[in-house]
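Chemist: Its first residue numbered 1, the sequence shown is counted upward by one per residue in UniProt numbering.
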Amino acid sequence: MKQATLDKLQVAARDGQCRLFYLDEAGFCASPPAQRSWSPRGLPHAIEPNPHCRRSVIAALNFAENSFVYAASARTVKGPGVVGFLDTLIRQGDERPTVIVLDNASVHHSIDQNTLDRWFIEHKALLFYLPPYSPELNLIEIVWKHFKYHWRRFATWTRETIDTELARLLAGYGTEFQVNFS
């Protein structure tokens, strides 16, 4: 049922009848994800994480324009950060209704009813929650996968380079990098 509704929303967004965004958060570590590794015979497999350089990103994928709006932070994205990001995203809209697709993360449900009502009345904005355990319905998950496993250079970032490299990667969506959602 949710898939059928999303299909109709996508058609409406392509026709310019509404703005459709897919929203999610992702974490980026200084060390690239380990695709393969090895360990000496007889010793346990171990990978040393590099936790001191981590960035959290909250982003929204504009379905019709296939563009990317994001905010990166050295801190974990929490409820107030989600509300602030959504508020900014919604205020940048035009007269068309805005639908924002979200998964069921607890930070997405921490938005109070008065704020939801204000967004709906003032900006014609509505949050659309996906069923639990359905990342395949949230198209931004595909973009995160490409960022982390295909477009990112497999080099270790340092505290000095992580912000610059992440900004280059995220800002490159739409010009240097893109996923075709046809």
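Note that beta-carbon positions come from the ideal geometry of N, C-alpha and C, so glycine has one too. Quick caveat, the model's predicted, so the values are computed rather than measured.
Alpha carbon to alpha carbon, how far is ASP24 from LEU86? Give it in angstroms, no decimals.
Modeler: The sequence position of residue 86 within the sequence shown is 86, counting from 1. The sequence position of residue 24 within the sequence shown is 24, counting from 1. Using only the alpha carbons, I get a separation of about 11 Å.
Chemist: Between GLN92, SER31, GLN178 and GLU136, which has its C-alpha nearest SER162's C-alpha?
Modeler: The residue labelled residue 162 in the question sits at position 162 within the sequence shown. The sequence shown places Ile at residue 162, not Ser. Out of GLN92, SER31, GLN178 and GLU136, SER31 has the C-alpha closest to the C-alpha of ILE162.
Chemist: Which one of GLN178, PHE181, THR164 and VAL179 has the shortest CA to CA distance from PHE28?
Modeler: Reading the sequence shown from its first residue, position 28 is the one you call residue 28. Of the candidates GLN178, PHE181, THR164 and VAL179, the one whose C-alpha sits nearest the C-alpha of PHE28 is THR164.
Chemist: So what's GLU65 in DSSP terms, helix, strand or just coil?
Modeler: The residue labelled residue 65 in the question sits at position 65 within the sequence shown. Residue state, collapsed to three classes: coil.
Chemist: Going by DSSP, what residues sit across from ARG91 in a beta bridge?
Modeler: As a first step, residue 91 must be located in the sequence shown, where it is residue number 91. ARG91 is not bridged to any residue.
Chemist: Bridge partners of CYS29, per DSSP?
Modeler: One-based indexing of the sequence shown puts residue 29 at position 29. CYS29 pairs with ARG54.
Chemist: With 16 as the cutoff for other CB atoms within 10 Å, does TYR133 come out buried or exposed?
Modeler: The sequence position of residue 133 within the sequence shown is 133, counting from 1. TYR133 should be labelled exposed.
Chemist: Give the range of the beta strand (DSSP E) segment to which ILE111 is assigned.
Modeler: To locate residue 111, count along the sequence shown from 1; it is residue 111. Here ILE111 belongs to no beta strand (DSSP E), and DSSP marks it neither H nor E.
Chemist: With VAL101 as the anchor, note down where its beta strand (DSSP E) starts and where it stops.
Modeler: Taking the first residue of the sequence shown as 1, we reach residue 101 at position 101. Residues 98-102.
Chemist: Are the CB atoms of PHE21 and TYR173 within a distance shorter than 8 Å?
Modeler: Numbered from 1 along the sequence shown, position 173 holds the residue referred to as residue 173. Numbered from 1 along the sequence shown, position 21 holds the residue referred to as residue 21. Contact flag unset, no.
Chemist: What residues are listed by DSSP as bridge partners for ASP24?
Modeler: Mapped onto the sequence shown, residue 24 falls at position 24. ASP24 is bridged to ALA59.
Chemist: Mind checking if ASP94 is an interface residue toward chain C, Cβ cutoff 8 Å exclusive?
Modeler: In the displayed structure, chain C is absent; only one protein chain is listed.
Chemist: Quick one, are the C-beta atoms of TRP151 and LEU169 less than 8 Å apart?
Modeler: Within the sequence shown, numbered from 1, the residue matching residue 151 stands at position 151. Within the sequence shown, numbered from 1, the residue matching residue 169 stands at position 169. Yes, the Cβ-Cβ distance between TRP151 and LEU169 is below 8 Å.
Chemist: Drop a sphere of 10 angstroms on the beta-carbon of HIS123, count the other beta-carbons inside from all chains shown, and report buried for 16 or more, exposed for fewer.
Modeler: For the purposes of this step, residue 123 is taken as the residue at position 123 of the sequence shown. Label assigned to HIS123: buried.
Chemist: Cutting at 6 Å between CB atoms, please list the residues of its own chain near THR76, excluding the five before and the five after it.
Modeler: Residue mapping note: residue 76 aligns to position 76 of the sequence shown, counting from 1. Cβ neighbours of THR76 beyond the five flanking positions: SER56.
Chemist: Per DSSP, SER106 forms a beta bridge with which residues?
Modeler: Taking the first residue of the sequence shown as position 1, residue 106 is located at position 106. For SER106, which the question treats as bridged, DSSP gives no partner whatsoever.
Chemist: Per the contact definition of three or more C-beta pairs closer than 8 Å, is the region 94-111 in contact with the region 12-19?
Modeler: Counting Cβ pairs under 8 Å, three or more are found: they touch.
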